[in-house]
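In the working numbering, the protein residues as written are 332 to 687.
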């Protein structure tokens, strides 16, 4: 038996949350489907836990620098289960805050997630649901580069990094983008010996070169060994350690963090059954977030346009308003006309909007 709704949202990260909250506020009958946790990557494995860890690391660094501020030097405290501290706060946010936002929506959390049957029907755990409008907001997942041996080691990504029990003695960070830079600096300040390597000429390749150079100098001052323009040749396990061979040398480490970019999370959706066009970078959309199928929209990271939580929320709101008020769409709801600011919460922080 099929259940009908005004709108159906696949994915409850920032974009899906904005759609769901706004849809219910407008009095629409909303069904939202999530295959993992409410809040998506940003809340559970991205923006929020990373900033919490950065704060812990920053406080420890401040204590280490007390003499610089004419204060008596004290012993630098060892980090005591910082990941449990972060997870406890995430649990509170999920249970006490996030869930209450969706009291008027029908929420389905299912490990298998949703898959399309046709352009108006979605199936979850054997049950089928139809809706006038369908919004895809499934986000991205970590891109794992095809390096020989990488599948033979227990590497970390942002998806399992914050589930660790202890701060490692050493870590190799593969990648020089936002996640790589933030975590390299955080772990170095927590006492981990950190090496990072990436293929670009400088850290934060999408940033202004001069700003990126300032950031790199500060990260190096924190004790991080940085290798730009590096090629990772092989990864292998050696007992309880991991050996990474690069054109810059060979490195032995306790943990390997892969932060080499993102890819759209589209597995299992069966987009072809709905006739939805997509490519390697994400689901194809027009300037209003609509796919080539007139009643289906794709918002946030899954369309590859702007991989930021605030952009996903903005896209979600614009897509919903444009879909219920199509006569206003050309005037008000063209996402491509907006500049998207972004920031990286390193020390110093980087922020950018528009062209440099």
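Where a beta carbon is used, it is the ideal one built from N, C-alpha and C, also for glycine.
Check, Outcome
"Cutoff 6 Å; reference residue 387; Cβ partners in own chain excluding five residues on either side", "413"
"Cα-Cα separation between residue 504 and residue 393, rounded to whole angstroms", "24 Å"
"Which of helix, strand or coil DSSP assigns to residue 573", "strand"
"Enclosing beta strand (DSSP E) for residue 380 [first to last residue]", "Premise fails: residue 380 lies in the alpha helix (DSSP H), 378-395, not in any beta strand (DSSP E)."
"Whole-angstrom distance between residue 494 and residue 359, CA atom to CA atom", "37 Å"
"Opposing strand residues paired with residue 472 [DSSP bridges]", "594"
"Identified DSSP bridge partners for residue 533", "Its beta-bridge partners do not exist; DSSP assigns none."
"Assigned secondary structure, residue 434 (DSSP; H/G/I helix, E/B strand, else coil)", "coil"
"Any alpha helix (DSSP H) of 4 or more consecutive residues that is wholly inside the region 614-660", "640-655"
"Alpha helix (DSSP H) runs wholly inside the region 462-516, at least 4 long, in chain order", "489-492"
"Contact the region 526-539 vs the region 602-615: 3+ CB pairs below 8 Å", "no"
"Short Cβ contact (7 Å threshold) for residue 391 with residue 520", "yes"
"Residue 585 in three-state terms, based on DSSP", "coil"
"Sheet register partners of residue 556 (DSSP bridge)", "526"
"Simplified DSSP state of residue 460, which is helix, strand or coil", "strand"
"Enclosing beta strand (DSSP E) for residue 453 [first to last residue]", "452-455"
"Beta-carbon proximity list for residue 383, same chain, < 7 Å, skipping 5 on both sides", "417 and 420"
"Candidates 468, 448, 564 and 536: closest to residue 369 by CA position", "468"
"Residue burial classification, residue 634 (beta-carbon count within 10 angstroms, cutoff 16)", "buried"
"Continuous beta strand (DSSP E) stretch holding residue 681: start and end", "681-683"
"Coarse secondary structure for residue 364, derived from DSSP in three states", "strand"
"Buried/exposed call for residue 656, threshold 16 Cβ in 10 Å", "exposed"
"Beta-carbon separation (whole angstroms), residue 502 vs residue 584, contact threshold 8 Å", "6 Å"
"Counted within 10 angstroms of its Cβ, other Cβ atoms place residue 595 as buried (16 or more) or exposed", "buried"
"Through-space distance from residue 488 to residue 363, alpha-carbon basis", "27 Å"
"The region 465-483 in contact with the region 545-556 per 3-pair CB rule at 8 Å", "no"
"Chain B within 7 Å of residue 501, Cβ atoms only", "Absence of chain B from the displayed structure is noted, only one protein chain being present."
"Own chain residues within Cβ distance below 7 Å of residue 385, not counting five before or after", "513, 517 and 676"
"Secondary structure of residue 703, DSSP reduced to three states", "The requested residue 703 does not occur in the structure, where the chain is confined to residues 332 to 687."
"Close Cβ partners of residue 462 (< 6 Å) along its chain, the five nearest in sequence each way excluded", "336, 338 and 339"
"Cβ-heavy atom distance, residue 369 to the ligand HEM, below 6 Å", "The ligand HEM is absent from the structure shown, which contains no ligand whatsoever."
"Boundaries of the beta strand (DSSP E) in which residue 442 is found, first to last residue", "First-last for residue 442: undefined, no H or E at that position."
"Length of the line joining the Cα atoms of residue 466 and residue 670", "23 Å"
"Contact belief for residue 573 with residue 566 at Cβ below 8 Å, rounded distance in angstroms", "7 Å"
"Beta-carbon proximity check, residue 599 vs residue 446, cutoff 7 Å", "yes"
"Expected contact under 8 Å - CB spacing of residue 476 and residue 591 to nearest Å", "5 Å"
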